[in-house]
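Novice: With the working numbering, the residue at position 272 of the sequence shown is 272, and numbering never jumps. No residue lacks a Cβ here, since even glycine has one placed at the ideal position from N, Cα and C. Remember, predicted model here, so these are calculated numbers, not experimental data. Shown below is the structure under consideration.
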Amino acid sequence: MGDPGAPGELSRPARSPRPLLAPLTGLRFVAAFHVLVFHATAWETWGVPSFVRGLAGSGYVAVSLFFVLSGFILTYAHAGRRLATRDFYANRFARIYPTYLFALVIVAPLFLVHTLRVEGPRRLVEDVVSVVTLTQAWWPPVSMAWNPPGWSLSAEAFFYLLFPLVAPALVTGRRALAVTVGVASYAACLAVTLLYLRLAPDGPIELSHHSTAFWLSVVRYDPAVRFPEFVLGIVVARGYLAVRASPRYEKTAATVSVLSALAIAAVLARSASLPYPVLHNGLLAPLFAMLIASLAAGRGPLAALLATRPLVALGDASYALYLVHLPLMIVYGKIGRTLAGDAFDASRPATAAFMVLAVVASRLAHRYVELPARDRVLRWWRGRRGPASPA
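Shown next as structure tokens:
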């Protein structure tokens, strides 16, 4: 399956790795920090202008950005190169699973004891099996188990599984096919959520992130439902690779990046007035795609800012930040409430301190957990595959 010449190839020539896209690394931190603000702050009760609450309270849309960015980056890295499928899967596992497991360990004692006492041993087994195997997003009752942000890694695992099967046709096939699939992918994002609003299968419920209704959870978390956002990233990457050397593209990229960022901010500032499922599931995917493709050019003030050394360093640790912040917040909150009472949760100084702690912890986790564990897994895989196995 992963041998040269197998169907898993994007194309036959093997070339040196493409340059890293530093602005997109910085963008990853901004997105992960948006999620942190959403989870860590009491934004619903802030006595601030509504647009600030709208921005803080819409951190869930960052996952849609991550999905589009994931499809874009994987295609950028592999298009025009031989894709040995088994090595691709091994690299993806080494990239995501050790840090994913580390985040689970942080909060494991609290999760295991609470679930066993409140929901019983059967539910505990269901939660553990689904979370450890990255299948929790397929079944709404367990999608938020243990470490809630993990649901998106469950979806990403599905995307990775299909990438060697889907990407070749979109990258090497006719441009009209790729454009059609891209348009259809966005239409699918909208169609699922609009159909949900039309049919209201959960009845008259509050449509917000607080809801645990079954069908709303399917719409939000099911990997097959979210797959079109990832596919859109693949299509946009194909287009970017085709035009990235064009002087006209480089000239307009700086303007497009700023305008798309402003448009995203304007929509999120009014997030409270928009249908929650639609905004949650890819409403902004085309704007995210424009932002990603224009930042990739590395032109203009926004790209320059995101490519600065501090933001790139934080972007390198953004995956760890995304996964560890909620387990840390649970532990931090439990200790704080024990020492200071329930008022601790609404304390702004305590919240600010936690956000700093989460960012610092993510850097440490990236350096001392993510990178070493990834290297060990890849060394083991190379040894198993033999010296000819690609890095």
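To the nearest angstrom, report how far apart LEU116 and VAL128 are at their CA atoms.
Specialist: Looking up residue 116 in the sequence shown gives position 116. Looking up residue 128 in the sequence shown gives position 128. Each residue's Cα considered, the two are about 11 Å apart.
Novice: Where do the N-terminal and C-terminal ends of the alpha helix (DSSP H) with VAL128 fall, by residue?
Specialist: Position 128 of the sequence shown, counted from the first residue, corresponds to residue 128. Segment 120-132, the alpha helix (DSSP H) holding VAL128.
Novice: Flag this pair as yes or no: are the beta carbons of SER400 and VAL256 separated by less than 8 Å?
Specialist: This structure does not reach residue 400, given that the chain is present from 1 up to 391, and the question cannot be answered.
Novice: Between ARG95 and the rest of its own chain, which residues show a CB-CB distance below 7 Å, the 5 nearest in sequence each way excluded?
Specialist: By 1-based counting over the sequence shown, the position of residue 95 is 95. Correct list, in chain order: ARG374.
Novice: Could you work out which residue in PRO204, PHE66, HIS78, GLU370 is closest to LEU20 when comparing CA atoms only?
Specialist: Walking along the sequence shown from the start, residue 20 turns up at place 20. Checked all of PRO204, PHE66, HIS78, GLU370; the closest Cα to LEU20 is HIS78.
Novice: Pick out whichever of HIS366, PHE38, ARG238 has its Cα sitting closest to the Cα of PRO168.
Specialist: To locate residue 168, count along the sequence shown from 1; it is residue 168. Checking every option, the nearest Cα to that of PRO168 belongs to ARG238.
Novice: Please report the straight-line C-alpha distance between PHE33 and HIS39, rounded to a whole angstrom.
Specialist: Position 33 of the sequence shown, counting from 1, holds the residue named residue 33. Position 39 of the sequence shown, counting from 1, holds the residue named residue 39. PHE33 and HIS39: Cα-Cα distance of roughly 10 Å.
Novice: Looking only at its own chain, which residues have a Cβ that is under 8 Å from the Cβ of ARG337, when we skip the five neighbours before and after it?
Specialist: Here residue 337 refers to the residue found at position 337 of the sequence shown. PHE344, ASP345.
Novice: Take every Cβ of the region 154-166, pair it with every Cβ of the region 128-138, and state whether three or more of those distances are shorter than 8 Å.
Specialist: Result yes; three or more Cβ-Cβ pairs closer than 8 Å.
Novice: Do ALA272 and GLY57 have their C-beta atoms within less than 8 Å of each other?
Specialist: Residue 272 sits at position 272 when you count from the first residue of the sequence shown. Residue 57 sits at position 57 when you count from the first residue of the sequence shown. Yes, the pair counts as a contact, with Cβ atoms nearer than the cut-off.
Novice: Please work out which residues of its chain come closer than 7 Å, Cβ to Cβ, to PRO164, disregarding the five sequence neighbours upstream and downstream, and give them in chain order.
Specialist: Working through the sequence shown from its first residue, we reach residue 164 at position 164. Excluding positions up to five away in sequence, the list reads GLY8, LEU83, THR85, PHE88.
Novice: Please confirm if the region 310-329 is in contact with the region 358-371, defined as three or more CB-CB distances below 8 Å between the two stretches.
Specialist: Yes, they touch.
Novice: Cβ atoms of LEU339 and PRO277: under 8 Å apart, would you say?
Specialist: Taking the sequence shown and counting its residues from 1, one reaches residue 277 at position 277. Taking the sequence shown and counting its residues from 1, one reaches residue 339 at position 339. No, they are not a contact pair.
Novice: Taking the alpha carbon of LEU283 as the point to measure from, which residue in TYR186, ARG385, VAL37 has its own alpha carbon closest?
Specialist: Locating residue 283 in the sequence shown gives position 283, where the first residue counts as 1. Measuring from the Cα of LEU283, the nearest candidate turns out to be TYR186.
Novice: Measuring straight from C-alpha to C-alpha, what distance separates HIS280 and SER64?
Specialist: Within the sequence shown, numbered from 1, the residue matching residue 280 stands at position 280. Within the sequence shown, numbered from 1, the residue matching residue 64 stands at position 64. Their backbone Cα atoms lie some 7 Å apart in a straight line.
Novice: Closest to VAL113 by CA distance: which of LEU124, VAL35, ASP342 is it?
Specialist: Locating residue 113 in the sequence shown gives position 113, counting from the first residue. Looking at the Cα atoms, LEU124 is the closest of the given residues.
Novice: For PRO148, which three-state DSSP category applies?
Specialist: The residue labelled residue 148 in the question sits at position 148 within the sequence shown. PRO148: coil per DSSP, three-state reduction.
Novice: Please give me, in chain order, every unbroken run of the alpha helix (DSSP H) with length at least 4 that falls completely inside the region 238-295.
Specialist: Whole alpha helix (DSSP H) segments, 4+ residues: 247-269, 276-280, 285-295.
Novice: Which first and last residues belong to the alpha helix (DSSP H) in which ASP345 is found?
Specialist: Residue numbering aside, residue 345 sits at position 345 when the sequence shown is read from its first letter. Note, ASP345: premise wrong, no alpha helix (DSSP H); not H, not E.
Novice: Three or more C-beta pairs closer than 8 Å, one from the region 224-241 and one from the region 303-310: is that the case here?
Specialist: Counting Cβ pairs under 8 Å, fewer than three are found: no touch.
Novice: Under 7 Å Cβ to Cβ from PHE29, same chain only, skipping five residues before and after it: list those, please.
Specialist: Sequence index remark: in the sequence shown, residue 29 carries index 29 (1-based). Cβ within range, chain order: LEU311, LEU314, GLY315, SER318.
Novice: Look at the Cβ atom of LEU153, then the Cβ atom of TYR100, and state whether they are nearer than 8 Å.
Specialist: As a position in the sequence shown, residue 153 is number 153, starting the count at 1. As a position in the sequence shown, residue 100 is number 100, starting the count at 1. A contact, by the Cβ cut-off of 8 Å.
Novice: From SER50 to LEU199, what does the alpha carbon distance come to, in whole angstroms?
Specialist: Reading the sequence shown from its first residue, position 50 is the one you call residue 50. Reading the sequence shown from its first residue, position 199 is the one you call residue 199. Cα-Cα distance, rounded: 30 Å.
Novice: In the structure shown, what three-state DSSP assignment does SER401 receive?
Specialist: Lying outside 1 to 391, the shown extent of the chain, residue 401 is not represented and no answer is given.
Novice: On a Cα-Cα basis, can you pick out the residue from ARG220, VAL105, ARG122 that is closest to VAL61?
Specialist: As a working note, residue 61 is residue 61 in the sequence shown. If we check each option's Cα against that of VAL61, ARG220 comes out closest.
Novice: How many angstroms separate the CA atom of ILE292 from the CA atom of LEU177?
Specialist: Position 292 of the sequence shown, counted from the start, is the residue given in the question as residue 292. Position 177 of the sequence shown, counted from the start, is the residue given in the question as residue 177. Rounded to whole angstroms, ILE292 to LEU177 spans 21 Å at the Cα level.
Novice: Smallest Cα separation from ARG174: which of LEU274, VAL235, LEU162?
Specialist: What you label residue 174 is simply residue 174 of the sequence shown in a count that begins at 1. When only C-alpha atoms are compared, the closest one is VAL235.
Novice: When you compare each of VAL118, ALA90, ALA254, ALA103 to TRP381 by their alpha carbons, which one comes out closest?
Specialist: Locating residue 381 in the sequence shown gives position 381, counting from the first residue. Here the closest residue by C-alpha is ALA90.
Novice: When you compare the CB positions of LEU110 and ILE330, do they come within less than 8 Å of one another, or not?
Specialist: Working through the sequence shown from its first residue, we reach residue 110 at position 110. Working through the sequence shown from its first residue, we reach residue 330 at position 330. Yes, the pair counts as a contact, with Cβ atoms nearer than the cut-off.
Novice: Check LEU412 in the structure and name its three-state DSSP category.
Specialist: Summary: the structure shown does not reach residue 412, with the chain confined to residues 1 through 391, and so no result is reported for it.
Novice: Using a 10 Å radius around the Cβ and a threshold of 16 neighbouring Cβ atoms, would you call GLU44 buried or exposed?
Specialist: Along the sequence shown, one-based indexing puts residue 44 at 44. That one is exposed.
Novice: For ALA253, count neighbouring C-beta atoms within 10 Å of its own C-beta (all shown protein chains included) and say buried if the count is 16 or more, exposed if not.
Specialist: Within the sequence shown, residue 253 is the residue found at index 253, counting from 1. Flag for ALA253 reads buried.
Novice: What residue range does the alpha helix (DSSP H) around LEU65 cover?
Specialist: Numbered from its first residue, the sequence shown carries residue 65 at position 65. Residues 62-78.
Novice: Note down the Cα distance separating GLY383 from PHE93, rounded to an integer number of angstroms.
Specialist: Start at 1 with the first residue of the sequence shown, and residue 383 comes out as number 383. Start at 1 with the first residue of the sequence shown, and residue 93 comes out as number 93. Cα to Cα, GLY383 sits roughly 16 Å from PHE93.
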